[in-house]
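Numbering (my numbering), first residue to last: 402 to 662.
Glycine included, each C-beta is placed from N, C-alpha and C at the ideal position.
This structure is a prediction, so every number in the text was calculated from the model and none was measured.
Inspection log for the structure reproduced underneath, given as structure tokens.
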């Protein structure tokens, strides 16, 4: 696969601002960040160049200096050599490749720690935006009967499948960007006892009606990937769709919301 490298100069006052920008630009196709160099598949750059330029122009402290084609090398292999297997609780092992979610980011670790005290025996779980599959793997380790892990990125899907096999767990990993009512293949709503979504706030807001529709009564929705200032909007959207806020957990600047249907 051929890549372009975007040389981006950043000057953020707070670390969380860099996290937000990096998350947004990754949603537009960047899959590797090395200091001020952002690597993106050339085909994706061609498709999303205008959106990426607009994001850089609209973000304070960000300047897109240049974009150039890279030599045809195995960039994934180079990235993986610098990001070895991650060892996590319960003996879970994660090879991150280029997918988000090695297990140590504040949002991921918050959800993992919460899962470690959850009662998931015989429960159905959906992990929306699974990345490496780490949260889905923990849900299965905690006794879930069925776990569906979905992601919009095909590389993440393959990575999640690899990590599931590495940890000897049976999870259903699929490519997609919507919230499907899968449990095997039924079409009824209200399939899941727990939905996990560690994604950007705008994606969470857009999918809130689907999250609520596909939760069983008494089921929970755990949301992360956002900050304290985002909580009111997310809470309002959740309540509009019949969900009740249980609590809000914090890890640094990041927040985890737990809601119940």
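About 5 angstroms separates the Cβ atoms of residue 407 and residue 468, confirming a contact at the 8 angstroms cut-off. Contact between residue 523 and residue 553 fails: their C-beta atoms lie close to 29 angstroms from each other, not under 8 angstroms. Secondary structure in the region 600 to 640: the beta strand (DSSP E) runs of 3 residues or longer, each lying completely within the stretch, are 616 to 628 in chain order. In the three-state reduction of the DSSP assignment, residue 522 falls in the coil class, being assigned neither a helical nor a strand state. The Cβ-Cβ distance between residue 535 and residue 572 does not fall below 7 angstroms. C-alpha of residue 440 to C-alpha of residue 433: approximately 5 angstroms in a straight line. Burial check for residue 530: the Cβ neighbour count within 10 Å reaches 16 or more, so the residue is buried. Between the C-alpha atoms of residue 494 and residue 604 there is a straight-line separation of about 28 angstroms.
Judged by their CB atoms, residue 621 and residue 659 are nearer to each other than the 7 angstroms cut-off. Judged by DSSP secondary structure, residue 513 falls within the alpha helix (DSSP H) whose first and last residues are 507 to 516. Distance between residue 423 and residue 632, taken at the CA atoms: about 20 angstroms. Distance check between residue 625 and each of 615, 636 and 618 places 636 closest, using alpha-carbon atoms only. Boundaries around residue 411 are those of the beta strand (DSSP E), 404 to 411, since no alpha helix (DSSP H) includes it.
For the 7 angstroms CB-CB criterion, residue 616 and residue 662 form a contact. DSSP places residue 535 in the helix class (H, G or I) of the three-state scheme.
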